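So the sequence shown is residues 567 to 621, counted in our numbering. Let me begin by presenting the structure, written as structure tokens, before commenting on it.
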Amino acid sequence: IMGAGAYGYSMTSNYNSRPRAAEVLVEGATTHLISERESVDALWQRESIPPEGSL
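As structure tokens, then:
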């Protein structure tokens, strides 16, 4: 994919607990990693579970 348009990092979300994809800039035959792929562990680090019986 040489162009992602609205599907770049600025428009991404974690809907349905899907980690964000890596973002790569392609300049001719050269590639540059702009942002690394988000891991599932990193995604779950932001979650917390209420103590049992507190709900």
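Heads up, the beta-carbon is just placed ideally off N, CA and C, and yes, glycines get one too. Keep in mind that this is a model prediction, so the values were computed, not measured.
{"Asked": "Please state whether DSSP places residue 601 in a helix, a strand or coil.", "Found": "strand"}
{"Asked": "Locate the alpha helix (DSSP H) running through residue 609, then write down its first and last residues.", "Found": "606 to 611"}
{"Asked": "Residue 589: which of 604, 583, 595, 611 sits nearest, CA to CA?", "Found": "604"}
{"Asked": "Compute every distance between the C-beta of residue 577 and the non-hydrogen atoms of the ligand SAH, then say whether any falls below 7 Å.", "Found": "Annotation note on the ligand SAH: not contained in the displayed structure, which lists no ligands."}
{"Asked": "Give the range of the beta strand (DSSP E) segment to which residue 589 is assigned.", "Found": "589 to 593"}
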